[in-house]
Amino acid sequence: MRGWRDSDLWYFFTRSRIAVAAAAVAGTMVLAAFLAPVIAPYDPFDLASLDLLDAHIPPFWLEDGEARFPIGTDDQGRDLLSAILYGARISIGVGIASVLLSLFVGVGLGLVSGYAGGRIDAFIMRVADIQLSFPAILIALLVNGVLRGILPSERQDDLAIYVLVLSIGISGWVQYARTVRGSTLVEKNKEYVQAARLIGISSARIMLRHILPNAMGPVLVIATIHVAVAIITEATLSFLGIGVPPTEPSLGTLIRIGNDFLFSGEWWVTIFPGATLAVLVLSVNLLGDWLRDALNPKLR
Amino acid sequence: MPSIPSSADFVIAEAVARHFDVSKPWLARAIERSPRVFLKAVDGVSFSVAKGETLALVGESGCGKSTVARLVVGLYRPTSGRVLFDGMDMAALPAAERARCRRRMQMIFQDPYASLNPRWRVRDIVAEPLRAFGLAKGRAEIGERVGALLSQVGLSPADGEKYPHEFSGGQRQRISIARALSSNPEFLVCDEPTSALDVSVQAQILNLMRDLQEELGLTYLFISHNLAAVRHISDRVGVMYLGRIVETADSGTLFSAPRHPYTRMLLDAIPDIAMSGRERETTGGEVPNPLDPPSGCHFHPRCPFADARCRAETPALKRYGAAETACHAVEEGRL
Amino acid sequence: MIAFILRRLMQSVVVILFVALIAFSMFRFVGDPVHQMVGIETTLEQRAALRERLGLNDPFHVQFARYIAKAAQLDFGISYQHKKPVTELLGARFPATFELAMVSALFALAVGVPMGVFTGLYRESWLSKVFMAVSLAGISLPTFLIGILLIFVFSVTLGVMPSFGRGETVDLGGWTTGLLTASGLQALVMPAITLGLFQMTLIMRLVRSEMLEVLRTDYIKFARARGLSNRAVHFGHALKNTLVPVITITGLQLGGIIAFAIITETVFQWPGMGLLFLQSIQTVDIPIMAAYLMLIAFLFVAINLAVDLLYYVVDPRLRLDRGAAW
Numbered sequence: 009m010r011g012w013r014d015s016d017l018w019y020f021f022t023r024s025r026i027a028v029a030a031a032a033v034a035g036t037m038v039l040a041a042f043l044a045p046v047i048a049p050y051d052p053f054d055l056a057s058l059d060l061l062d063a064h065i066p067p068f069w070l071e072d073g074e075a076r077f078p079i080g081t082d083d084q085g086r087d088l089l090s091a092i093l094y095g096a097r098i099s100i101g102v103g104i105a106s107v108l109l110s111l112f113v114g115v116g117l118g119l120v121s122g123y124a125g126g127r128i129d130a131f132i133m134r135v136a137d138i139q140l141s142f143p144a145i146l147i148a149l150l151v152n153g154v155l156r157g158i159l160p161s162e163r164q165d166d167l168a169i170y171v172l173v174l175s176i177g178i179s180g181w182v183q184y185a186r187t188v189r190g191s192t193l194v195e196k197n198k199e200y201v202q203a204a205r206l207i208g209i210s211s212a213r214i215m216l217r218h219i220l221p222n223a224m225g226p227v228l229v230i231a232t233i234h235v236a237v238a239i240i241t242e243a244t245l246s247f248l249g250i251g252v253p254p255t256e257p258s259l260g261t262l263i264r265i266g267n268d269f270l271f272s273g274e275w276w277v278t279i280f281p282g283a284t285l286a287v288l289v290l291s292v293n294l295l296g297d298w299l300r301d302a303l304n305p306k307l308r
Numbered sequence: 031m032p033s034i035p036s037s038a039d040f041v042i043a044e045a046v047a048r049h050f051d052v053s054k055p056w057l058a059r060a061i062e063r064s065p066r067v068f069l070k071a072v073d074g075v076s077f078s079v080a081k082g083e084t085l086a087l088v089g090e091s092g093c094g095k096s097t098v099a100r101l102v103v104g105l106y107r108p109t110s111g112r113v114l115f116d117g118m119d120m121a122a123l124p125a126a127e128r129a130r131c132r133r134r135m136q137m138i139f140q141d142p143y144a145s146l147n148p149r150w151r152v153r154d155i156v157a158e159p160l161r162a163f164g165l166a167k168g169r170a171e172i173g174e175r176v177g178a179l180l181s182q183v184g185l186s187p188a189d190g191e192k193y194p195h196e197f198s199g200g201q202r203q204r205i206s207i208a209r210a211l212s213s214n215p216e217f218l219v220c221d222e223p224t225s226a227l228d229v230s231v232q233a234q235i236l237n238l239m240r241d242l243q244e245e246l247g248l249t250y251l252f253i254s255h256n257l258a259a260v261r262h263i264s265d266r267v268g269v270m271y272l273g274r275i276v277e278t279a280d281s282g283t284l285f286s287a288p289r290h291p292y293t294r295m296l297l298d299a300i301p302d303i304a305m306s307g308r309e310r311e312t313t314g315g316e317v318p319n320p321l322d323p324p325s326g327c328h329f330h331p332r333c334p335f336a337d338a339r340c341r342a343e344t345p346a347l348k349r350y351g352a353a354e355t356a357c358h359a360v361e362e363g364r365l
Numbered sequence: 014m015i016a017f018i019l020r021r022l023m024q025s026v027v028v029i030l031f032v033a034l035i036a037f038s039m040f041r042f043v044g045d046p047v048h049q050m051v052g053i054e055t056t057l058e059q060r061a062a063l064r065e066r067l068g069l070n071d072p073f074h075v076q077f078a079r080y081i082a083k084a085a086q087l088d089f090g091i092s093y094q095h096k097k098p099v100t101e102l103l104g105a106r107f108p109a110t111f112e113l114a115m116v117s118a119l120f121a122l123a124v125g126v127p128m129g130v131f132t133g134l135y136r137e138s139w140l141s142k143v144f145m146a147v148s149l150a151g152i153s154l155p156t157f158l159i160g161i162l163l164i165f166v167f168s169v170t171l172g173v174m175p176s177f178g179r180g181e182t183v184d185l186g187g188w189t190t191g192l193l194t195a196s197g198l199q200a201l202v203m204p205a206i207t208l209g210l211f212q213m214t215l216i217m218r219l220v221r222s223e224m225l226e227v228l229r230t231d232y233i234k235f236a237r238a239r240g241l242s243n244r245a246v247h248f249g250h251a252l253k254n255t256l257v258p259v260i261t262i263t264g265l266q267l268g269g270i271i272a273f274a275i276i277t278e279t280v281f282q283w284p285g286m287g288l289l290f291l292q293s294i295q296t297v298d299i300p301i302m303a304a305y306l307m308l309i310a311f312l313f314v315a316i317n318l319a320v321d322l323l324y325y326v327v328d329p330r331l332r333l334d335r336g337a338a339w
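Protein chains in written order, with my numbering: chain A, 9 to 308; chain B, 31 to 365; chain C, 14 to 339.
In structure tokens form, the structure reads like this:
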């Protein structure tokens, strides 16, 4: 007990200070991203307002920099600050939507798998095992490729965001399913579930009203950390050129665009979106780590 | 003669059995040439409970008494045999009638910490059967019923707003009882309702159950390994050993004049010097592996009176005065 | 024992068949294979004839069986885009990816293990804290961003490293290697670091936590009590016991390295399989996608199987209680 006071309380205290800082950073970024239409100086999606004469302007503190574009412009003459704000909005939006999809699919399958047992369980878990033996990014790439093959090419740009959400969402359900299945296996043998079965409550209702509330704790921790992973995956897919189209760039798309100009010395087009992405992901990760430790006293 | 339960009895178990398949995966079986393995948790159990009566089933842990409780209320389907409730076989009823049947029977569970959903408020826990069976409609009516039920089991209606973790074990068991009573059942199966409680609280709960029985005319099937509790509450007692009933008698007879060697052993284990004055018989040994029970009379490896017949032949329940006993030694007058 | 091996083998076969089913379904139902293979001027009759010749009118299971049979002979069809056999395309690019993956894994081990040992032994040292901070960045930063940063610093700003390609390669009877020339080796440095960084941080954290775990155990205290030097205790006893999980994880991560090579190869324009796969996704070149999927599946299954069997041989505790779920 004393050892715990000596080391871990202090540890926890510093950790939570980091968590508070991370929460503040992440919160500010999310808020700024979602208020982009209000606070951004320009609308980077409005192609009519772009002027190619404004292209390749460096940040204001460099030579040739202009005050109206504080961190410069890209090759289209887009104000980089506005593009980053709007881009972060897309990145965060796609990240959260994918996590919700994963969560929905994974929790549902996990509940059914754990509660039904038998062949249904064996089948779902086998599929999960197979998917789990591939990295999520590969699954997302494949789903993305297949969806592109199915969709008519002229609609692909409009639907790109949905394709992204679907491919990232499908690539992440397994963790939720396994966790929820584990909790369900424990909960379904508890006597309160038997009491509900006794009075003829339907299986669906037992799963949703009785078991699900008792299985959600670890799911929330996974979801927080998963948001960071989903944002990275979105950025990666967009960077690889199979994410959102350049007309409505996310952070990954901006980095991809900037990468082409890295060698001509226009580093800002890549570095600023990259730094934004890194800070965003790092703060969400720290927050998730802290949440995991805080909710699990066994992990110190 | 094993008693053929009279049709006047309220709840009747007819040679009920429940086997669990605990075999290894089929591939391992195929390679090791091992057979399927079944756990005969309940192996042909018959008994009957009259209306308003309390029948207790006692036995060491692992003897199958909790499985019997779950077979009776229909949480498990019997592998063979059947359970009749007021003349109806639950397993064979159409869905609508089964629901009507379910309302009339309820169960109180052993673990007061696992039997209440920790995420639900007490009022919702108690109201669940009301809603499920449509016994009360609307917030006001349900709230009133829940308040009355909580008062009935000695809690305050205001406790309905709390969560289960705010209560002690005994109070939780009261909530369990309130939930069980909410559908106005006639028959309650109590699966070791007091074994997780402190001794002082046990008596309170048992008294509450007895008062409720008198007040509401309830019929109880009381599962326990606690002979003191059984003696306190039951009219008749059945003793189970490894999935079979070895002796049934009315409570007074069983405790004053046990016949089966196993019953005697159980009674001797109670540290109550004034109880019988009989010389204690030491019966050692552990409960055998239920996957591979002994031949003949399951009890023979631990029985001081066992002979060759006991090892070969399964004894049947036979009536001796007020008791029914399944023992060759008793039948032959060796005991 | 035999049951365990048989079960694992069967599981592996099931996985491969399942993945093959997905690959085949992609090939068969995503887009029209005939449409992809012919020009606009082909008549309807010619298309129907080609359809018949390719067996696309046969029942599903016959087509699937044929696909499996061909795949077993490494025949994955013709690329829509390159109009060449897929196997030939992948084969030509395999050495580049393989060399990159192996060097990355070596880098991850060679740097990750010492860093892990150090941070495990000297928890409070400032260098340990730096290592831990770096590892957090390694886990949080996307691979492609690390690659871009390396290019920006070492190629653009300092101009000391090549930013793309494999450099000069030597052809060793069909296997092109960049390991024998100075420019080839130089070109390998940054991609290998980019690709291996994530694994490195993983290994470092694993070794660290294993070291902390082992150093708490009684036999380490006993070794100290016997008067063994710190060095002997740390390396002879503690490190040795952390190596089994480290090797396992590294083995299991090998598949991950090959998958993440897609990203690294894109950043550095490394002419490997990943780059080919990515291009095939952009152009919906299904035969290449399907073949790559099968290849990765095979690698994963083989690695997992090998690790499981090795574990089974190495750790007698596992022989009793594993695999009750199937």
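For glycine and all other residues, C-beta sits at the position ideal for the given N, C-alpha and C. Note that the structure is a prediction, hence the values are computed from the model and not measured.
*Compare the C-alpha of B:Arg240 against each of B:Leu146, B:Ser230, B:Glu277 and B:His262 and name the closest.*
Distance check between B:Arg240 and each of B:Leu146, B:Ser230, B:Glu277 and B:His262 places B:His262 closest, using alpha-carbon atoms only.
*Less than 8 Å separating the beta-carbons of B:Gly268 and B:Leu105?*
No; because the gap between Cβ atoms is not below 8 Å, this pair is not in contact.
*Roughly how many angstroms lie between the CA atoms of B:Met305 and B:Cys340, to the nearest whole one?*
Note on B:Met305: pLDDT 49, under 50, position unreliable in the model; the coordinate value appears next. B:Met305 and B:Cys340 have their C-alpha atoms roughly 29 Å apart.
*What do you get for C:Ser85, buried or exposed, if any count of 16 or more other CB atoms within 10 angstroms of its CB means buried?*
Here the sequence assigns Ala to residue 85 of chain C, which means Ser is not the residue at that position. Exposed, because fewer than 16 other Cβ atoms sit within 10 Å of the Cβ of C:Ala85.
*Buried or exposed by the 16-neighbour rule on C-beta atoms within 10 Å, applied to B:Ala95*: According to the sequence as given, residue 95 of chain B is Lys; it is not Ala. Taking all protein chains shown into account, B:Lys95 has 16 or more neighbouring C-beta atoms within 10 Å of its C-beta and is therefore buried.
*Have a look at B:Ile303 and A:Asp301 and give me their C-alpha separation to the nearest angstrom.*
Residue placement at B:Ile303 is flagged as unreliable, the pLDDT there being 49, under the threshold of 50; a coordinate-derived value is accordingly withheld.
*Residues bridged to C:Ala98 by DSSP?*
According to the sequence as given, residue 98 of chain C is Pro; it is not Ala. C:Pro98 pairs with C:Ile91.
*Burial state of A:Tyr94 (16 or more Cβ within 10 Å)*: A:Tyr94 should be labelled buried.
*asked:* If you reduce the DSSP assignment to three classes, tell me which class B:Gln136 lands in.
replied: Strand, per DSSP.
*Check each candidate in B:Lys54, B:His290, B:Ile253 and B:Glu196 and name the one with the smallest Cα separation from B:Gly92.*
The candidate whose alpha carbon is nearest that of B:Gly92 is B:Ile253.
*Assign C:Lys97 to buried or exposed, taking buried as 16 or more other Cβ atoms, counted over all protein chains shown, within 10 Å of its Cβ.*
Exposure of C:Lys97 is indicated by the presence of fewer than 16 other C-beta atoms within 10 angstroms of its C-beta.
*For B:Pro142 versus B:Arg48, is the C-beta distance shorter than 8 Å?*
No, Cβ-Cβ distance for B:Pro142 and B:Arg48 is not below 8 Å.
*In chain C, which residues lie with their C-beta within 8 Å of the C-beta of B:Ile61?*
Residues of chain C passing the Cβ test: Ile15, Ala16 and Leu19.
*Pairwise C-alpha distance: B:Trp56 and B:Arg63*: The straight-line gap from Cα to Cα measures roughly 10 Å.
_Tell me which residues share the same chain as A:Ile230 and place their Cβ nearer than 8 Å to its Cβ, disregarding the 5 neighbours each side in the sequence._
Excluding the 5 residues flanking it on each side, A:Ile230 has same chain C-beta neighbours closer than 8 Å at Gln183, Tyr184 and Thr187, in chain order.
*8 Å Cβ cutoff, A:Ile207 in contact with chain B*: At least one CB atom of chain B sits nearer than 8 Å to the CB of A:Ile207.
_For B:Cys327, the three-state DSSP class (helix, strand or coil)_ = Looking at B:Cys327 - three-state DSSP - the assignment turns out to be coil, as it is neither helix nor strand.
_C-alpha distance - C:Phe17 paired with B:Ala58, whole-angstrom precision_ = A straight line joining the alpha-carbon of C:Phe17 with that of B:Ala58 spans about 8 Å.
*Are three or more beta carbon pairs between the segment 124 to 141 of chain B and the segment 169 to 177 of chain A nearer than 8 Å?*
No: the two stretches stay apart, fewer than three of their Cβ pairs being nearer than 8 Å.
*How would you label B:Pro223, buried or exposed, when you count the other beta carbons within 10 angstroms and need 16 or more for buried?*
By the Cβ neighbour-count rule, B:Pro223 is buried, with 16 or more other Cβ atoms within 10 Å of its own.
*Starting from C:Thr190, follow the beta strand (DSSP E) in both directions and report where the run begins and ends.*
That run of the beta strand (DSSP E) goes Trp188 to Thr190.
*Inspect the CB distances between the segment 155 to 174 of chain B and the segment 208 to 222 of chain B and report whether three or more fall short of 8 Å.*
Contact holds: three or more Cβ-Cβ distances are below 8 Å.
_Taking the alpha carbon of C:Met23 as the reference point, which residue from A:Arg134, A:Glu74 and A:Thr36 has its own alpha carbon closest?_
Closest option to C:Met23, Cα to Cα, is A:Arg134.
*Return the chain-ordered list of same chain residues with a C-beta closer than 6 Å to the C-beta of C:Gly268, the five sequence neighbours on each side being excluded.*
Cβ within range, chain order: Leu312, Phe313 and Ile316.
*Sort B:Glu44, B:Asp73, B:Ala346 and B:Val88 by Cα distance to B:Arg294 and report the nearest one.*
With distances taken between Cα atoms, B:Arg294 lies closest to B:Val88.
_Residue of C:Met224, C:Thr207 and C:Val320 minimising C-alpha distance to C:Gly133_ = Distances from the CA of C:Gly133 to each of C:Met224, C:Thr207 and C:Val320 were compared; the closest alpha carbon is that of C:Met224.
*May I have the straight-line CA-CA distance separating A:Val28 from B:Asp154, to the nearest angstrom?*
Answer to the nearest angstrom: the Cα atoms are 36 Å apart.
*Would you tell me roughly how many angstroms separate the C-alpha atoms of C:Ile262 and C:Ile216, rounded to the nearest one?*
The straight-line gap from Cα to Cα measures roughly 8 Å.
*asked:* How far does the alpha helix (DSSP H) with A:Thr232 in it extend, from its first residue to its last?
replied: Boundaries of the alpha helix (DSSP H) around A:Thr232: Leu220 to Phe247.
*Min CB distance A:Asn222 to chain F below 8 Å*: The structure shown contains no chain F; its protein chains are A, B and C.
*asked:* Contact criterion: CB-CB distance below 8 Å. Does A:Ala204 meet it with respect to chain B?
replied: The beta-carbon of A:Ala204 is placed less than 8 Å from the nearest beta-carbon of chain B.
*Look at A:Gly180 and A:Ser99 and say whether their C-beta atoms are less than 8 Å apart.*
If you check the CB distance, A:Gly180 and A:Ser99 do not come in under 8 Å.
*Could you check the C-alpha separation between C:Gly90 and C:Leu57 for me, to the nearest Å?*
Each residue's Cα considered, the two are about 22 Å apart.
*Does B:Arg364 come within less than 8 Å of chain A when only Cβ atoms are used?*
Taking CB atoms only, B:Arg364 has no neighbour in chain A less than 8 Å away.
*Segment limits, beta strand (DSSP E) that includes B:Phe50*: Its beta strand (DSSP E) spans residues Val41 to Asp51.
*Contained beta strand (DSSP E) runs [length at least 3] in the segment 148 to 225 of chain C, N- to C-terminal order*: Counting only unbroken stretches of 3 or more residues, the beta strand (DSSP E) elements lying wholly within the segment 148 to 225 of chain C are 183 to 185 and 188 to 190, in sequence order.
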